[in-house]
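The structure appears below as C-alpha cells.
In the UniProt record's numbering, the protein residues as written are 1 to 695.
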C-alpha cells in the first residue's frame with residue numbers, strides 16, 4: 001500500500017555558504033539599525049530575509065512512499081558441537097517454533113542463515129556465526145534490519161569486539177540449545193611428539209579437564225598401543241600426566257588414550273584421542289659376512305655402502321683355517337675376525353645380519369650360530385644369499401641356524417640359464433610386487449645357478465630354474481629370515497642382458513626383514529585430502545573384508561574396498577566432520593586426520609552465554625536458556641516489536657526494532673516562490689519600510 005508524504009525541500013540558487021554569508025551580513029546591518037533606533041529597521045530586515053528565502057528557493061515536496069518490511073535474521077548453528085547431547089533435534093525444534101512466531105508478525109521478512117560446519121568449509125576450525133551472518137545480510141540495508149536471533153550452544157569463535165564491526169544497529173539475541181552447568185570431561189594434549197627414534201622412548205603429556213559443578217573423583221585412564229596389551233592408570237582432573245611411549249618400529253606408531261566416560265557427562269567423544277608418532281631409524285646397522293671372495297661380493301658391499309643410513313660391518317673369509325700353506329699370519333688379514341665380540345657380545349646391536357655364500361668351515365663355532373638363531377627368535381633379521389655352499393655337507397642348514405632357516409636343501413644345484421620371476425604370491429607381496437620390468441614375462445637378465453630346496457612354513461615370492469623356489473621368506477618367533485637360493489644376483493648389478501631391479505629388490509628385502517610398515521604383507525593405511533579419505537589395504541590374500549571407519553563424533557560405518565592392483569585394495573570416502581578418524585580391519589588399525597586434529601569444536605562442548613554476553617549487552621539483546629530436560633516444556637520468549645530503545649529484552653520477551661523503512665515510488669516538487677510572487681512580496685515590504693521611515 002502506497003502513502004503520500006509532504007515536506008519542504010530547498011534548492012538554493014547560489015551555494016549555501018554564500019547564503020550564509022549574506023545572512024550574517026544582514027544580521028549585522030539589522031543590529032546597527034536597531035542600535036541607532038532607525039524607523040522601519042524590522043521591515044528592512046524582513047525584506048532582506050525574504051530575499052534570502054527566495055535565494056534558498058524552497059519547494060513543497062510530495063513523495064509517494066511504499067513501506068518496506070523489516071528484516072529479522074535467524075542464524076542457526078550447524079557446527080560439530082551442536083551434534084552432542086541431543087542439541088541437533090532441540091535446535092530444529094527451536095528453529096521451527098521461532099519461524100512460526102516470526103511468521104505471524106506483520107510486515108516482517110524472515111532471513112534464515114545456517115552457519116556451516118567443517119563439512120561445508122574444510123578450512124574452518126570452529127563456529128563462525130558472525131562471519132556467516134555478515135555474508136547472509138550482505139544485500140540487506142542496515143536501516144531495514146529489525147534484529148538478529150541466533151540458535152546455538154554459545155561456543156562461538158568469531159564474536160566481534162563491538163557491534164560497529166558488523167555494521168548492525170539492531171538487537172542481537174541468542175537462544176541457547178543447552179542447559180546451565182553442564183558436566184563434561186575431555187582429554188587435553190599438552191605435548192605430543194610427532195617423531196621419535198626407533199628404540200627410544202617418547203613422552204606424551206596431557207591432562208583431564210572437567211567442566212561443571214562436580215566434586216573431584218579418581219578417573220581411569222587407559223593407554224593402548226597397536227599390538228600390545230592395554231595399560232591402565234588412575235588420575236585426577238587437572239593433574240598433568242606424562243606417559244612414556246616406546247617407539248618400536250619405523251613408520252606410524254599408533255597410540256590410543258582414553259579417559260573413563262562418566263554417565264552424567266555430555267559426551268564421551270572428547271574423552272579419547274588417537275595420535276601417531278612416526279618412528280625414524282637413526283642408522284641401520286648391518287653385519288655382512290662373506291664366506292669367500294667371488295664376483296658378487298663387491299656388489300653387496302657397494303649397495304650397502306651407497307646408503308648413507310647404513311652402518312656396515314663387513315668381513316670376508318679369505319682363507320679357511322684348515323688351509324695350511326705356510327703363509328705368514330701378518331699377510332693373511334689386516335684385521336682379525338672378532339667373532340666373539342660380534343656374535344656374542346654385540347650381536348643384539350645389529351639390525352640385519354647377511355650371510356653371503358657362507359659355509360661351515362670352522363671360522364664361526366656352532367655356539368655362535370646358535371646365538372644367531374636365538375637372535376632371530378627374539379626379533380632379529382637374517383638374510384642368507386646361498387650358492388653351491390648351501391647344497392654341500394658344510395651348508396648352514398647343517399648348523400643350529402637350521403632352526404630358523406625357511407628351506408632345506410636337497411643337495412642338487414641347477415646350473416642352467418633362467419629368468420627370475422615373481423610367483424602368484426610374489427605378485428601380491430610388497431617385496432616383489434611391481435618390480436620394474438616385471439610381469440608375465442619379466443624383461444630381466446638371466447641367472448645361471450639355482451639351489452634346489454624344500455621350503456617349510458615359508459612364503460615363496462620368486463621362482464627360478466624349472467619353477468624351483470628362488471626367494472623364500474619366513475617369520476620365526478619374533479624375527480624374520482630370508483633365503484635367496486642363488487649367488488648370481490650380481491649379474492643384474494653388472495647389467496648382464498639388460499640387468500634387473502637388483503638394488504630395489506634387496507632394499508625392499510632388507511626393509512621387510514626389519515618390519516618396516518610399508519613392506520608389511522598385511523597393512524592398513526589412510527590419507528586425507530580436503531574432506532576425502534583414501535583407504536588403502538595391503539594384503540597377500542585374494543579377498544578382503546570391509547573395513548570400519550570411526551569418525552570423531554562416534555559414528556561408524558563399513559567401507560567396501562576394491563582391488564586397484566594385485567595385493568592393494570583401495571576406497572575413497574567423503575566425510576563431513578573435521579578431527580581424527582580411525583580405520584580398523586581385524587587386528588589392523590590406522591588413523592588419519594581430516595582438517596584440524598584438535599578441533600576447537602570438541603575442545604569445549606558445554607553450553608555457555610559468557611562468550612556472546614558482551615555483544616548482546618551492547619546491542620540490548622538477551623540470552624535465553626532453552627535446553628530442556630526430558631518432559632520439560634521450556635517456553636520460548638514472546639516477540640515484541642518496539643521503537644528505538646536501549647533495552648530490547650526481558651525475562652520472558654525479546655524485542656525487535658520497528659524500522660518503518662520505505663521506498664520512494666515517485667516525487668513532485670512545488671516551488672513556494674515563483675518570480676512574480678517573490679517580487680511582489682519584496683516590493684511590498686520595501687514600500688512599507690519606505691512608508692514607515694517617511695512618517
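For every residue, glycine included, the Cβ atom is placed at its ideal position computed from N, Cα and C. In this text, all values refer to a predicted model and were calculated from it rather than measured experimentally.
Same chain, Cβ closer than 7 Å to residue i, five either side skipped, listed in chain order
i, result
"residue 180", "625"
"residue 554", "269"
"residue 105", "639, 641"
"residue 476", "376, 377, 404"
"residue 142", "167, 168, 169"
"residue 156", "127, 129, 611, 612"
Proximal residues to residue i (C-beta, below 8 Å), its chain only, five neighbours per side dropped
i, result
"residue 18", "none"
"residue 620", "171, 645, 646, 647, 648, 649, 655"
Segment limits, alpha helix (DSSP H) that includes residue i
i, result
"residue 615", "613-619"
"residue 253", "Here residue 253 belongs to no alpha helix (DSSP H); instead the beta strand (DSSP E) covers 251-259."
"residue 369", "366-377"
"residue 303", "297-305"
"residue 508", "502-513"
"residue 27", "16-35"
"residue 601", "600-603"
"residue 560", "Segment: none, residue 560 is in no alpha helix (DSSP H) and carries neither H nor E."
"residue 103", "87-103"
Among the options, nearest to residue i - alpha-carbon criterion
i, options, result
"residue 639", "650, 372, 395", "650"
"residue 109", "71, 402, 486, 433", "71"
"residue 183", "606, 641, 627", "606"
"residue 710", "527, 579, 197, 558", "In the structure displayed, the chain extends from 1 to 695; residue 710 sits before or after that span and is not available."
"residue 42", "30, 50, 51", "30"
"residue 237", "659, 217, 574, 467", "217"
"residue 23", "54, 290, 559", "54"
"residue 410", "421, 395, 474", "395"
"residue 138", "162, 128, 111, 50", "111"
"residue 285", "305, 316, 141, 266", "305"
"residue 162", "616, 652, 622", "616"
"residue 273", "174, 299, 221", "221"
"residue 82", "194, 230, 114", "114"
"residue 176", "635, 255, 406, 659", "635"
"residue 307", "503, 454, 97, 21", "503"
"residue 536", "452, 588, 231", "588"
Sequence-distant residues of the same chain with beta carbon closer than 6 Å to residue i, five excluded per side
i, result
"residue 107", "69"
"residue 10", "56, 58"
"residue 178", "153, 607, 627"
"residue 633", "Residue placement at residue 633 cannot be trusted, given a pLDDT of 45 that sits under 50; what the coordinates show is reported in the next sentence. There are no such residues."
"residue 100", "none"
"residue 584", "548"
"residue 301", "314"
Cross-strand partners of residue i (DSSP beta bridge)
i, result
"residue 129", "BP columns for residue 129 are empty, so no partner."
"residue 186", "209"
"residue 219", "235"
"residue 593", "580"
"residue 474", "481"
"residue 109", "71"
"residue 204", "243"
"residue 317", "DSSP, once it has assigned bridges, lists no residue as partnering residue 317."
"residue 174", "150, 623"
"residue 641", "656"
"residue 701", "The requested residue 701 is not part of the displayed model; the chain covers only 1 to 695."
"residue 698", "The structure shown does not extend to residue 698, since the chain spans only 1 to 695, so no value can be given for it."
Segment limits, beta strand (DSSP E) that includes residue i
i, result
"residue 394", "First-last for residue 394: undefined, no H or E at that position."
"residue 579", "579-585"
"residue 164", "Neither: residue 164 is in no beta strand (DSSP E) and is coded neither H nor E."
"residue 429", "From DSSP, residue 429 is part of no beta strand (DSSP E); its letter is neither H nor E."
"residue 536", "532-538"
"residue 493", "Counting along the chain, residue 493 falls outside any beta strand (DSSP E), though it belongs to the alpha helix (DSSP H) covering 490-493."
"residue 573", "568-574"
"residue 462", "459-463"
Test: residue i CB closer than 8 Å to a CB of chain D
i, result
"residue 241", "In the structure shown, chain D cannot be found, because there is only a single protein chain."
Residue i beta carbon near the ligand GDP (any heavy atom closer than 7 Å)
i, result
"residue 590", "Absence of the ligand GDP from the depicted structure is noted, as is the absence of any ligand whatsoever, leaving it without description."
(request) Inspect the CB distances between the region 337-346 and the region 301-312 and report whether three or more fall short of 8 Å. (result) no
(request) Taking 8 Å as the threshold, find out whether the region 277-288 comes into contact with the region 249-259 through three or more Cβ pairs. (result) yes
(request) Could you say if the region 134-148 and the region 166-175 meet the contact criterion of at least three C-beta pairs nearer than 8 Å? (result) yes
(message) Using a Cβ distance threshold of 8 Å, determine whether the region 358-375 contacts the region 398-408, with at least three qualifying pairs required.
(response) yes
(message) Counting beta carbon pairs with one atom in the region 569-578 and one in the region 426-441, are three or more of them shorter than 8 Å?
(response) no
(message) Does the contact criterion of 3 or more C-beta pairs under 8 Å hold for the region 413-429 versus the region 461-470?
(response) yes
(request) Indicate whether the contact test is met: 3 or more Cβ pairs, each with one atom in the region 550-565 and one in the region 494-510, closer than 8 Å. (result) no
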